[in-house]
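**Q** The following block contains the structure, expressed as C-alpha cells.
Protein chains in written order, with our numbering: chain A, 1 to 375; chain B, 376 to 695.
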C-alpha cells in the first residue's frame, strides 16, 4: 500500500487525509510546521528560495522520515518560482538519498490528461461511480465546513469579552469536523459549531475591518504568518482574508477545467491598475483590495514571503490603490523569523492609525455592510 | 503637582522621563539597555528617585519600546503603547505642523507620515539593519572616533566618498576597501552618512510622500552628518526637537496623561530595590517547544509570555 503525504497548509490536511484514505492509501499526516520544520527547510533549500518553499521542503523531510513513499503537491503555472518548486524539491530530496515518488497535480485546464493520470496513481482500491460521488461529496463538505468555522472565528474574535474564547471554540469545531465519520454527521456538527460561537460572550460594537491579501501559502498557513489573524482579532479587529481553500479549489480546479477565469471579480477589479498577470497572486492582491474597499473596510494588510516577485509587483501598486479608495495600507514581509513582537508593534500602530482615521471622519457609529452581516 | 512617567525600553537604550501636567519635561534619564531591560529600568528608577528623592506625585505611567511589555509589568504601567504611536504623539505635541517624522534608533528606523494632526501612514525597517544607530556605533568604534564626534567629522568633508548603502555588510566592506586606498576618514564618514540616508529613503521611505515640516528624532538625530545628509537629499530643512533622544518616552508619558486613569498602577520609586527575576521553562505541549518566560517580583510570578499558543499567557494576579 502506498504511504502518501502532502504539504501542510492550514486545516486542509483534514479533507486530504480522508480523501487519500478513501482512495485506498495509507496516509502519513504532515505535522504542523514548527521550528524544526524550518530548520530542515533552511538547511536543504537554496538560500534565496522563499519561505513557503522552505517550510514545504522541511515538511517533506519530516514525512519522509516518518515513512512516506509518495508525495503529492499541487503544481502551478505562470511566472512564480513556486511553479518550479516541486521539481526542485524532488531533486533536493533525491540527492539527500530519499526514495519516493512525487506526484504533481497541475491545474486541469492545461494539463488535463496529466492530471487524470496522476490522480489515477493515487487510487489504489476498486471504487464504483457511487463511491466516487460519496467520497468527493464528503471531502467537499468537510472543506466547506472548515472554512465556515474559521470565518466564524474571525467574526467572533474581535467581539469576545474573554480573550481566547473564540480560538478555543474554533479548535473544538475543527476537532469535531475532523472526527466526522459519515456525511450525515455534518448536519449535527454544523449546528453545534454555530452554537459554540453563539455561546461566546460578546460586546456590541462595530470593530475595525481589515482585509488581508497576498501570497497563498503565507495567507493560509498561520505558522508562516505568525498567527496574524488571531493577533488582529485580539486587538479587536475583524479580519477577512481574500482566500479560502474551498473558493480557491473552485476557481483553480473547477473553473479552470472549463477554461473560465477564476476569481473573475478580483481580476476585473484589478484591471484599471493591472492589465497583465504577474504570476502568483499579485493581480488578485490588487483586485481583492478594491473589493474590500467597496465593502467598507478600513485597511488592507499585504502578506508576502520575503523576495516574492508577484507580491513585490503588487506592493508597488497597492499604496496607490489604497490611497484612491481611502484605505490604510500595511505590507508585511515574512521570512524565518519566529519572534512576534516586531509584527505586534506594527499591527498595533496600524490599528491606532485606522482608529484615528475613523474618529476624524466621524464614522465610528456608521455600521457598514460587514457589521450588518455580523449582526 | 501631578506628574506622568514615561518609560521607553529599546534594544540599545532605556529612557525614562517625567512630565508635568502641562506636558513640560521635568526629568529625563538615558541608560544603555545592554541586553538587560529589567536592570536598566530599575537603574533608571533609582536615578530618578535620587533627584528630588522620589517626591513626585505620579498620576499615570506609560510604557513603550520593544521592551514595553516587560517595562509595563515592572513599573506598573497604565498605558502600554507601541513606539510608532508614541513617537508620533511626542512629535505632534512638540510641533503641531509636523507632516513627516524620521526616526532612527538603535536597532530600527521608521518613518511616520502625519497629515492634519493624525498618522496616515508609517513604515518600519523589517529585514535590514543598515542605517541604524548600532551600525553607526560600530563603525565609529572601528575608526576609533567617539560616536559623539562622528557627525562633526562628516561635516568637515569636502569630497565625500561613495559608499554602498544597500546593506550593512556591503557598506562595511566598501568602507574598509576605501580606507585602505588612503581616503580621509572624514570623507568616508560623510559618504557613509549619505549612503545610509539613501538607503533609508529608498527602503523605508519608499513611496511615502515626505512633506515639510520634517522632524528627525531618535538617538541618531545627534549625528550632525546624518542631519546634513538628509537635508541634502530632501532639499528641505530638517528640525531636531530639543529632547530628540527621549521622544518615545515623552510620547508614552503624554499617552498616560491623556488616558486620565483614576488610579495609577504605578509600583512606586521603591521598585528599584525590589527583586525582579526572570526564569524560563520549555513547554513540551507540542513540537514547538516554546521557551516560556516567567517574570517574578519578590519570587511571585507577575507575568508570563513566550508561548506561541497563549496556553501559559493567563496569569491570575500573581498567583501561579
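Glycine included, each C-beta is placed from N, C-alpha and C at the ideal position. As the structure is a computational prediction, the values presented were derived from the model and not from experiment.
1. Is residue 561 of chain B buried or exposed, if buried means 16 or more other CB atoms sit within 10 Å of its CB?
2. Would you say residue 600 of chain B and residue 508 of chain B are within 8 Å of each other, going by their C-beta atoms?
3. Buried or exposed: residue 128 of chain A, going by 16 or more other Cβ atoms within 10 Å of its Cβ?
4. Can you confirm whether the stretch 91–102 of chain A touches the stretch 137–146 of chain A when touching is taken to mean that 3 or more C-beta pairs between the two stretches lie within less than 8 Å?
5. What do you get for residue 230 of chain A, buried or exposed, if any count of 16 or more other CB atoms within 10 angstroms of its CB means buried?
6. Pull up the DSSP beta-bridge partners for residue 383 of chain B, would you.
7. Quick one: which chain A residues come within Cβ less than 9 Å of residue 441 of chain B?
8. Please report how far the alpha carbon of residue 459 of chain B lies from the alpha carbon of residue 119 of chain A, in whole angstroms.
9. Residues of chain A with CB under 7 Å from residue 493 of chain B, in chain order?
10. Run the CB neighbour count on residue 652 of chain B, radius 10 Å, all protein chains shown included, and call it buried at 16 or more, exposed below.
11. Along chain D, which residues have their Cβ under 9 Å away from the Cβ of residue 499 of chain B?
12. Return yes when the Cβ of residue 437 of chain B is within less than 8 Å of the Cβ of residue 448 of chain B, no when it is not.
13. Using alpha carbons as the reference points, say which of A:26, A:56 and A:233 lies closest to residue 7 of chain A.
14. Comparing C-alpha positions only, which one of B:565, B:469, B:392 and B:446 sits nearest to residue 431 of chain B?
15. Assuming residue 477 of chain B and residue 591 of chain B form a contact by the criterion Cβ under 8 Å, report the distance between their Cβ atoms to the nearest whole angstrom.
16. Count the other C-beta atoms from every protein chain shown that fall within 10 angstroms of the C-beta of residue 275 of chain A, then say buried if there are 16 or more, exposed otherwise.
17. Output the boundary residues of the beta strand (DSSP E) element that contains residue 669 of chain B.
18. When you compare only the Cα positions, how much space is there between residue 287 of chain A and residue 300 of chain A?
19. Three-state secondary structure (DSSP) at residue 262 of chain A?
20. Classify residue 357 of chain A as buried or exposed, calling it buried when 16 or more other Cβ atoms lie within 10 Å of its own Cβ.
21. What in chain B is Cβ-close to residue 352 of chain A, meaning under 9 Å?
22. Can you list, in chain order, the residues of its chain whose CB lies under 7 Å from that of residue 396 of chain B, leaving out five sequence neighbours each side?
23. With three or more beta-carbon pairs closer than 8 Å as the criterion, would you say the stretch 624–644 of chain B touches the stretch 377–386 of chain B?
24. Would you identify the three-state DSSP class for residue 41 of chain A, choosing helix, strand or coil?
25. Where does residue 117 of chain A sit, in a helix, a strand or coil, going by DSSP?
26. My understanding is that residue 351 of chain A touches residue 321 of chain A, with C-beta atoms under 8 Å, so please give their C-beta distance in whole angstroms.
27. Compute the minimum distance between the beta carbon of residue 396 of chain B and the heavy atoms of the ligand MN, and state whether it is under 7 Å.
28. Please list, in chain order, the residues of the stretch 573–593 of chain B that have any C-beta partner in chain A closer than 8 Å.
29. Given a limit of 8 Å on CB to CB distance, which residues of the stretch 292–320 of chain A reach chain B?
30. Where do the ends of the alpha helix (DSSP H) carrying residue 355 of chain A lie?
31. With respect to the beta strand (DSSP E) encompassing residue 238 of chain A, which residues constitute its N-terminal and C-terminal limits?
32. Do residue 669 of chain B and residue 654 of chain B come within 8 Å of each other at the CB atom, strictly closer than that value?
33. Can you check whether the CB of residue 546 of chain B is closer than 8 Å to the CB of residue 603 of chain B?
34. Decide if residue 179 of chain A is buried, meaning its Cβ has at least 16 other Cβ atoms within 10 Å, or exposed.
35. Do you know how far the Cα of residue 323 of chain A is from the Cα of residue 270 of chain A?
**A** By the coordinates alone:
1. buried
2. no
3. exposed
4. no
5. buried
6. B:390 and B:439
7. 341, 342 and 345
8. 52 Å
9. 356, 357 and 360
10. exposed
11. In the structure shown, chain D does not exist; the protein chains are A and B.
12. no
13. A:56
14. B:392
15. 5 Å
16. exposed
17. 666–672
18. 12 Å
19. Any answer about residue 262 of chain A is weak, because its pLDDT of 49 lies below 50 and its placement is not dependable; what the coordinates show is given next. In the structure shown, residue 262 of chain A sits in coil (DSSP, three-state: anything other than H, G, I, E or B).
20. buried
21. 456, 457, 459, 460, 463 and 494
22. 376 and 377
23. yes
24. helix
25. helix
26. 21 Å between Cβ atoms; not a contact.
27. This structure lacks the ligand MN, and indeed carries no ligand of any kind.
28. 582
29. 306, 316 and 319
30. 341–361
31. 237–241
32. yes
33. no
34. exposed
35. 15 Å
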